[in-house]
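Trainee: In UniProt numbering, the protein residues as written are 1 to 511. Don't be surprised by glycine CBs; every beta carbon is placed ideally from N, CA and C. Predicted model only: the values in this text are computed from it and were never measured.
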Amino acid sequence: MRKTKLFNYHLIISIIGILLVINSMFMLFCLPFSLYYNEDNWVAITAAALINGIIGGGSFYYSQKKSPSKDLKKKDGYLIVTLGWIFISFFGGLPYLLSGDIPSLTDAFFETLSGYSTTGASVLTDIEAVGKGILLWRSLTQWIGGMGIIVLTVAILPILGIGGMQLFVAEAPGISPDKLQPRIKETAKRLWWVYLGLTFTEMILLMIGDMSFYDALNHALTTMATGGFSTKNSSAAAMSPFIQYVIIIFMFIAGTNFTLNYYLFKGRFKDILKNEEFKYYASIVGGSTLLLSCIVFFALSTEGGKDFWEVIYAEWGSSIVLLERAEKSFRDVLFQVISIITTTGYVSADYTGWTTFATMWIFVLMFIGGMAGSTAGGVKIVRHIILQKNSFLELKRQLHPSAIIPVRFNHMAVSQSITYNVLGFIIAYFLTYALGILVMAAMGLDLLTAMGSVATCLGNIGPGLGTVGPVDNFAHLPDGAKWFLSFMMLLGRLELTTVIIIFTPYFWKKV
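(1) What residue from 330, 277, 283, 230 has the CA that sits closest to residue 293's CA?
(2) To the nearest angstrom, how far is the alpha carbon of residue 12 from that of residue 327?
(3) State buried or exposed for residue 506, treating a residue as buried only when at least 16 other CB atoms are found within 10 Å of its CB.
(4) Ordered along the chain, which non-local residues of its own chain (more than five positions away) have a Cβ less than 6 Å from that of residue 250?
(5) Pick helix, strand or coil for residue 513, following the three-state DSSP scheme.
(6) Threshold first: 3 residues or longer. Then list the beta strand (DSSP E) segments lying entirely within the segment 16-40, N to C.
(7) Could you tell me the distance, in whole angstroms, from the CA atom of residue 133 to the CA atom of residue 200?
(8) Measure the Cβ-Cβ separation of residue 123 and residue 237 and say whether it is below 8 Å.
(9) For residue 189, which option in 376, 461, 259 has the closest C-alpha, if you only look at C-alpha atoms?
(10) Quick check: the Cα distance between residue 277 and residue 381, rounded to an integer number of angstroms?
(11) What does DSSP give as the partner residue(s) for residue 409 in the beta ladder?
(12) Please list, in chain order, all residues of the same chain as residue 173 whose beta carbon is under 6 Å from its beta carbon, the five residues on each side excluded.
(13) To the nearest angstrom, how far is the alpha carbon of residue 425 from that of residue 356?
(14) Note down the Cα distance separating residue 450 from residue 478, rounded to an integer number of angstroms.
(15) Could you pull the start and end residues of the alpha helix (DSSP H) that residue 7 belongs to?
(16) Who are the near neighbours of residue 474 in its chain, counting only those whose CB is closer than 6 Å to its CB and skipping five residues on each side?
(17) Determine the burial state of residue 103: buried for a count of at least 16 other Cβ atoms within 10 Å of its Cβ, exposed for fewer.
(18) Here's the rule: buried if 16 or more other CB atoms are within 10 angstroms of the residue's CB, otherwise exposed. What is residue 100?
(19) Which residue spans inside the segment 433-507 form an unbroken alpha helix (DSSP H) run of at least 4?
(20) I need the boundaries of the alpha helix (DSSP H) containing residue 103, first residue and last residue.
(21) Using the beta-carbon count (16 or more within 10 Å), is residue 416 buried or exposed?
(22) Excluding the 5 residues flanking residue 428 on each side, which residues of the same chain have their C-beta closer than 6 Å to its C-beta?
(23) Give the straight-line distance between the Cα atoms of residue 486 and residue 84, rounded to the nearest whole angstrom.
(24) Would you call the CB atoms of residue 354 and residue 225 closer than 8 Å?
(25) Considering just the uninterrupted stretch of the alpha helix (DSSP H) at residue 88, what are its terminal residues?
(26) For residue 64, which residues in the same chain have their Cβ closer than 7 Å to its Cβ, ignoring the five residues on either side in sequence?
(27) Roughly how many angstroms lie between the CA atoms of residue 394 and residue 401, to the nearest whole one?
(28) State buried or exposed for residue 35, treating a residue as buried only when at least 16 other CB atoms are found within 10 Å of its CB.
(29) Is residue 354 helix, strand or coil by DSSP?
(30) With a cut-off of 8 Å on the beta carbons, I'd call residue 516 and residue 358 a contact; round off their distance for me.
(31) I'd like to check one pair, residue 230 with residue 362: are the Cβ atoms closer than 8 Å?
(32) By DSSP, does residue 268 sit in helix, in strand, or in coil?
(33) Does the Cβ-Cβ distance between residue 257 and residue 139 come in under 8 Å?
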């Protein structure tokens, strides 16, 4: 009697090989930029692409010869996604290592995984000193990871006769990924076409705002991925108001469910406006912006111990000054609120320099996240909605214990299993966060930095608090902290379950 294998190991190696080949192809896209700007790092990029291509292609060829089986089980999907992200991060760091821009393996892995996971936490202290080809690769890692390299692979796998639903669910393990088409391959293709179209549109608008083609390309790639890597040391702080507003709009779009973005292309505006999660998303952004704008405007007007009303009265005749100050307060707050809630992580102002209340409000936004089905990280708004509704209904059930009162979302009853899934995820998320703070504190970090670093990496945000705030970076952290935070980034990007399940004993047992 033939024994059933626990995993289809050869198929796992085959698909990881495909991921490395895709990695190689994207690296080669950076090569013309290095050559155009007459940079020596074209050698490092070419060598890195060849290593990825040879190892990936060899793995695929070897595994296909050894076992032609295309049977992909659910366990295989979890293992492929987790190992796939780890392998592409190791091999994706080769351009940094070979060029010497990031000579440390720890830093190169951290920067690469930060890119793929669209976290945006960086160890680079002088971004503008890095070569153009390398910076473009840095931006591309975020663009690839934003929609998901596995989702891209899902669009390719049917050509090889391999089904992709197990991988799609493992990489996007939210409540339920919306399918635009009955076949998962067609869904993956449409998602990528929408993603590509929005990226191109933003790039054109940034160029209209007098941004160079190279900078516009990089910022369009990292905005739509909600990643936040910039080609400038000052991030978005030195950009013109027009460019900042363009980035604001596209950060908001990127934090929206891509099914709704698909409806946008189709002109189905009613379907967007009646979506309950979108209403919450817009309300949180609008409410936070209104509140914090008033606080920041007040703080700006009372700098140096000035009385607010005396300042307003004295400058009332010079309404332009007041309007400029009000517009800047509004723009800075709107930019940072959307940047944090969508987990993009661009910086236009140092929010830790605002009032304590405003800084803590921004910190709370780190635990909200964008909409499910978007490129944003974090807990996701739909989970907060279901948690909130279930909590209120529990009070009602205490009064009417025999009544069946389901949680409703978008006018549809939410199954009990989904409600339990949401509760379990949120508990696991905050337990992971608490454990992360303890680990970072044990490594010698102060409490504020420990809280900020774990929150920003687990939520895939970028800037945090303390010494990893919006005007700092992660270069000074010890290597152990960087490896741990890399793990937090992976957990956050794959929404805990996909990674954690691999560490459970029953995952490795035959059923």
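Mentor: Reading off the structure:
(1) 330
(2) 53 Å
(3) By the neighbour-count definition (other C-beta atoms within 10 Å, threshold 16), residue 506 is an exposed residue.
(4) 202, 223
(5) Lying before the first or after the last residue shown, residue 513 is absent from the chain, which here runs from 1 to 511.
(6) Counting whole runs of 3 or more residues, the segment 16-40 contains no beta strand (DSSP E) stretch at all.
(7) 19 Å
(8) Note that the C-beta distance between residue 123 and residue 237 is not below 8 Å.
(9) Per the Cα distances, 259.
(10) 7 Å
(11) 412
(12) Because the pLDDT of residue 173 is 45, which lies under 50, any placement of that residue in the model is unreliable, and the number read from its coordinates should be weighed accordingly. Result list for residue 173: 495, 497, 498, in chain order.
(13) 30 Å
(14) Taken atom to atom, the span from the alpha-carbon of residue 450 to that of residue 478 is near 12 Å.
(15) Per DSSP, residue 7 belongs to no alpha helix (DSSP H) and is neither H nor E.
(16) 121, 123, 468
(17) exposed
(18) Result: exposed.
(19) Considered as a whole, the segment 433-507 harbours 447-458, 479-493, 497-500 as its complete alpha helix (DSSP H) runs of no fewer than 4 residues, in chain order.
(20) Unbroken run through residue 103: none, as it is neither H nor E.
(21) By the 10 Å Cβ count, residue 416 comes out exposed.
(22) 496
(23) 15 Å
(24) no
(25) In this chain, the alpha helix (DSSP H) harbouring residue 88 covers 74-92.
(26) 14
(27) For residue 394 and residue 401, the distance between alpha carbons rounds to 9 Å.
(28) Here residue 35 is exposed: its Cβ has fewer than 16 other Cβ atoms, across all protein chains shown, within 10 Å.
(29) coil
(30) Residue 516 cannot be examined here, being either before or after the span of the chain that is shown, 1 to 511.
(31) Not a contact, by the Cβ cut-off of 8 Å.
(32) coil
(33) With respect to residue 139, residue 257 sits apart: the two C-beta atoms are not nearer than 8 Å.
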